[in-house]
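For reference, the structure discussed in these notes is given below.
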Amino acid sequence: MKTEKIIVANLRCAGCLNTVTKKLTEIIGVEKAEVCLESGEITIMHQGQVSREEFVKTLLGLGYPEATEKNGLLTHLKSYGSCLTGKISTS
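The opening position of the sequence shown corresponds to residue 432 in the working numbering, with each subsequent residue numbered one higher.
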């Protein structure tokens, strides 16, 4: 099993955590995803079928860009949408 660690921006709350965890674990070959809200670090345990770039692309699509990328208005807005989705799915 392989492990990827990715630090992202815009993680704010349990809704964000739920959305990120759900979307990552839906990817074939992903066994587990752990999210640390304080540090923004996401740890993904997978079988090696998916590249790190694909994980980064998935996270960016949700509005959580890798911390090394430019974090513009569009990614902020996407992250709020993902945050809301995660909050709704937990209630």
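Ideal Cβ positions, reconstructed from N, Cα and C, are used throughout, including at glycine.
- For threonine 474, the uninterrupted beta strand (DSSP E) run begins and ends at 472–477, by DSSP.
- Non-local beta-carbon contacts of glutamine 480 in its own chain, meaning distances under 7 Å to residues more than five positions away in sequence, involve Ile459 and Gly460 in chain order.
- Taking each of Ser513, Thr489, Met432 and Ala498 in turn and checking the Cα distance to serine 470, the smallest one comes out for Ala498.
- Here alanine 464 is buried: its Cβ has 16 or more other Cβ atoms, across all protein chains shown, within 10 Å.
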